Amino acid sequence: MSFVKISNEQHDAFVSSLKAGQYNLLLGAGVSLDSENSIGKLPSGTTLRDELCDLKGVSKNKSLQKVFALLSESEVDQYITKRFSGCTAGATLSTLSTFVWRRAFTWNIDDALEAAYRLKGAKQKLVTAHFRDDYNDERVLSDLLLVKLHGSVTHASKGYVFARDEYIQVMKENSPWMTVLSQFLTNGIQKYSSRKDNWCRSSGILFRFRVGSVEPKAPGIRVEVLLRARSRMVGF
41 MSFVKISNEQ HDAFVSSLKA GQYNLLLGAG VSLDSENSIG KLPSGTTLRD
91 ELCDLKGVSK NKSLQKVFAL LSESEVDQYI TKRFSGCTAG ATLSTLSTFV
141 WRRAFTWNID DALEAAYRLK GAKQKLVTAH FRDDYNDERV LSDLLLVKLH
191 GSVTHASKGY VFARDEYIQV MKENSPWMTV LSQFLTNGIQ KYSSRKDNWC
241 RSSGILFRFR VGSVEPKAPG IRVEVLLRAR SRMVGF
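Everything in the sequence shown is counted per our numbering, starting at 41 for the first residue and increasing by one.
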């Protein structure tokens, strides 16, 4: 069932769970597309790949992972770290920060979400974890743990994960955060399948806030769903 076509009962359950901070977020590149920095709007994965292919003079048929592997250390700093640093949060991330979440996982390396949580309307204080960091999930609900699965421009020295060989190395290192995410993904799918009539009450489910070329209207639709939900969250 499409998220925007859930029943009134499911919507009420979603609102209840949302207000209680029971949902985990999984964020992809599209969620930052309306954010920007001094260079301009943040690029999608495809746009970034094309920019890097032009830089290295290679075919745009190459994957982002392959062209990233061609970058020198100075090029990573110039075209990756600086390209995604010093962001101003767009409407999408600004809206997300006005809700209470259980945890957040992101594939994005930019600091746009960090900027969103510095805004006056943010409901939680952001606590970030790099994929190489040791596991530590002890906190209160007023803190939101943000796990940066591909690395972060705010901790560039710890490295990024884009290239295939780097993915393999991270898996060999048994990254605790990758393991935690895989468990949430598995549990979320199981709960969604087994509790179709009451899936919004399953606290382990990941609320996947993703935007891509397949669903170009998804950001507006999902922000609208959140805003509609908030209008029914009396006293929130």
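Note that beta-carbon positions come from the ideal geometry of N, C-alpha and C, so glycine has one too.
If you're wondering where the values come from, they're calculated on a predicted model, not measured in any experiment.
Between Leu82 and Ala196, the gap from beta carbon to beta carbon reaches 8 angstroms or more. With distances taken between CA atoms, Gly61 lies nearest to Phe139 out of Ser125, Phe139, Tyr157, Val187. By the neighbour-count definition (other C-beta atoms within 10 Å, threshold 16), Arg143 is a buried residue.
Excluding five sequence positions before and after Ser78, the CB atoms of its chain that fall closer than 7 angstroms to its own CB belong to Gly126, given in chain order.
Within the stretch 127-162, the complete alpha helix (DSSP H) segments at least 4 residues long are 131-136, 152-156, listed from N- to C-terminus.
Per DSSP, reduced to three states, the secondary structure at Asn101 is coil, with no helix or strand assignment. In the same chain as Ala69, and ignoring 5 residues on each side of it, the C-beta atoms closer than 7 angstroms to its own belong to Ser84, Gly85, Trp147, Asn148, in chain order. Here DSSP, grouped into helix, strand and coil, assigns Ala109 to coil. For Val167, the enclosing beta strand (DSSP E) stretches over residues 165-170. Shown here, Leu66 sits in a strand according to DSSP, grouped into three states. Membership of Asp90 in the alpha helix (DSSP H) is indicated by the continuous run 85-96. Under a 10 Å Cβ-count criterion, Glu154 is classified as buried, with 16 or more other Cβ atoms of the shown protein chains found around its own Cβ.
Excluding the 5 residues flanking it on each side, Leu92 has same chain C-beta neighbours closer than 6 angstroms at Val107, in chain order.
Annotated three-state conformation of Asn176 is coil, per DSSP. DSSP, reduced to helix, strand and coil, places Val187 within a strand of the structure shown. The C-alpha of Leu104 lies about 7 angstroms from the C-alpha of Phe202. Counting along the chain, Ala196 sits inside no alpha helix (DSSP H), nor does DSSP assign it H or E at all. Membership of Val55 in the alpha helix (DSSP H) is indicated by the continuous run 48-59.
When Gly191, Val71, Glu115, Leu111 are compared, the shortest CA-CA separation from Leu136 is found for Val71. Val98 and Asp90 have their C-alpha atoms spaced approximately 9 angstroms apart. By the C-beta density criterion, Thr219 is exposed, having fewer than 16 other C-beta atoms within 10 angstroms.
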